[in-house]
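Heads up, the thing below is written out as structure tokens.
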Amino acid sequence: MKMCVLQNKEYYTLNLKLEIICDIVRSYRRGKISEKKMKIMLKKLG
């Protein structure tokens, strides 16, 4: 059961990371942030 909880937590974290990446890319496409800033933000996420 502990393993299941851990997997769910890892999955949630991964999902959250993907959502953040999508938001960053979306902001870049709309012209809200520069390409340089986008790359820095993506590097910080890993």
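Heads up: the sequence shown begins at 1011 in the numbering used here, then just goes up one per residue. Backbone N, C-alpha and C define an ideal beta-carbon position, used for all residues, glycine too.
According to the neighbour-count rule (16 or more other Cβ atoms, all chains shown, within 10 Å of its Cβ), is methionine 1011 buried or exposed?
Note on methionine 1011: pLDDT 46, under 50, position unreliable in the model; no value is reported.
On the three-state DSSP scale, how would you describe serine 1044?
Reduced to three states, the DSSP call for serine 1044 is coil.
Would you kindly work out how many angstroms separate the C-alpha atoms of lysine 1046 and leucine 1052, rounded to a whole number?
If I take the Cα positions, the gap works out to 10 Å.
Decide if isoleucine 1050 is buried, meaning its Cβ has at least 16 other Cβ atoms within 10 Å, or exposed.
So isoleucine 1050 counts as exposed.
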